[in-house]
Amino acid sequence: MAKTLTIAIMDPPYETANTTTALRIVNAALTQGNNVTVFAYEGAVNLTMKGQQPHANPVKGTSVEQEQHPTTKDWIASLFELARKNSVKLEWINCGLCVDERGAGDWIEGPRRGSPKDFYEAAQKSDGILVIPAK
Amino acid sequence: MTQDFSLTQEDLMAKYLFIESRDPYDSADSPNLLELVKGVRERNQDVMLFLIQNGVLATRDGARHSERYRDLARAGVSVLADSFSLRERAIDRVVDGVKPAEIERLVGLLLEPGTKAIWH
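Protein sequence lines, in the order shown, are assigned to chains A and B. Under my numbering, residues 1 to 135 are what the first sequence spells out, in order. Under my numbering, residues 1 to 120 are what the second sequence spells out, in order.
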């Protein structure tokens, strides 16, 4: 039977290894057939911004295609796809006030707007909770 | 009004999962977390320590501070190190007491009933 894991994350994209770890945990949980709720707080609301673009690497002289630079919005889009494929639920909640502060409201398909109250309610219903704070 | 800090039945039954993402070379409070882990274990609690990211750095066999993980394992703490983080740092031999583990194991631990997870 599917369990539900709730994770709160706060780091903005491309800053710390916490982001990679959080996405690895979400990937593993969905792959195992569990539901996942992510509450993106503070800078983490930028993870799902639609306008992210991969870039070339002028130092190495590689093109965009050669560099294969991963963007967090693509990783997260693939997690939504994985959830659909495995018939489990990925709920991604972006903190509304954090979004407004940062002007970060143009997202990929999937996330919804919410508040810390949503995190509290998700935590109450979850089988496991993990909070990954910013350093 | 005074607060009651005595242990509840839920506290006594809890499994404590500490997740350490920092290393003792860069983070001065990393040893404090290990002291906390040790202290909770000394209260006869079920304690797990999952090392991840730079948290695995000092598990390299022979590295300075690696003995701390060995001592925790001897004290009954289950010490696991994320395999991906070990590979990223070319750590192929860890100190006695530390067991490499995949991220799926961490998910399993997080979803075990009664687990309280603390990220550092």
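Yeah, the Cβ is synthetic: ideal placement off N, Cα and C, and Gly gets one too.
Partner residues on chain B for residue i, Cβ-Cβ distance less than 7 angstroms
| i | result |
| --- | --- |
| Gln68(A) | What Gln68(A) touches in chain B: nothing, since even the nearest Cβ is about 18 angstroms away. |
| Asp127(A) | Leu111 |
| Lys3(A) | Leu111 |
Option nearest residue i by Cα separation, candidates the options
| i | options | result |
| --- | --- | --- |
| Ala73(B) | Ala14(B), Leu110(B), Leu34(B) | Leu34(B) |
| Gly43(A) | Ala56(A), Asp127(A), Ala104(A), Leu23(A) | Ala104(A) |
| Arg84(A) | Val36(A), Ile9(A), Asn46(A) | Val36(A) |
| Glu112(B) | Asp96(B), Tyr69(B), Lys15(B), Thr8(B) | Lys15(B) |
| Val88(A) | Gly33(A), Thr6(A), Gln53(A), Thr71(A) | Gly33(A) |
| Phe50(B) | Ser21(B), Ser30(B), Asp29(B) | Ser21(B) |
| Asp23(B) | Arg87(B), Tyr69(B), Thr8(B) | Tyr69(B) |
| Leu97(A) | Tyr14(A), Arg113(A), Ala123(A), Ile76(A) | Arg113(A) |
| Phe18(B) | Val79(B), Ala63(B), Val95(B) | Val79(B) |
| Gly39(B) | Ala28(B), Asn54(B), Asp71(B) | Asp71(B) |
| His65(B) | Ser85(B), Ser27(B), Ser83(B), Met48(B) | Ser27(B) |
| Gly55(B) | Lys116(B), Thr115(B), Val98(B), Glu42(B) | Val98(B) |
| Thr145(A) | Leu36(B), Gln45(B), Asn44(B), Ile52(B) | Beyond the ends of chain A as shown, which are 1 and 135, falls residue 145(A); an answer cannot be given. |
| Gly51(A) | Asn57(A), Glu67(A), Pro133(A), Thr71(A) | Thr71(A) |
Contact with chain B by residue i, beta-carbon distance below 8 angstroms
| i | result |
| --- | --- |
| Pro133(A) | yes |
| Ile25(A) | yes |
Beta-carbon neighbours of residue i, restricted to chain A and to distances below 8 angstroms
| i | result |
| --- | --- |
| Gln53(B) | Ala17, Asn18, Thr21 |
Interface partners of residue i on chain A, CB under 9 angstroms
| i | result |
| --- | --- |
| Glu104(B) | Ala28, Ala29, Thr31, Gln32 |
| Ala117(B) | Gly128, Ile129, Leu130, Val131 |
Within-8 angstroms CB hit, residue i to chain A
| i | result |
| --- | --- |
| Val107(B) | yes |
| Ser21(B) | yes |
DSSP bridge partner residues for residue i (one or two, in chain order)
| i | result |
| --- | --- |
| Asn94(A) | Ala40(A), Arg113(A) |
| Val47(B) | Tyr16(B) |
| Thr62(A) | Asn57(A) |
| Lys99(B) | Leu80(B) |
| Lys116(B) | Tyr16(B) |
| Trp107(A) | Met49(A) |
| Arg60(B) | Val94(B) |
| Asn35(A) | Thr4(A) |
| Leu130(A) | Ile7(A) |
Cβ distance (whole Å) where residue i is taken to contact residue j below 8 angstroms
| i | j | result |
| --- | --- | --- |
| Arg60(B) | Ile103(B) | About 20 angstroms; that fails the 8 angstroms criterion. |
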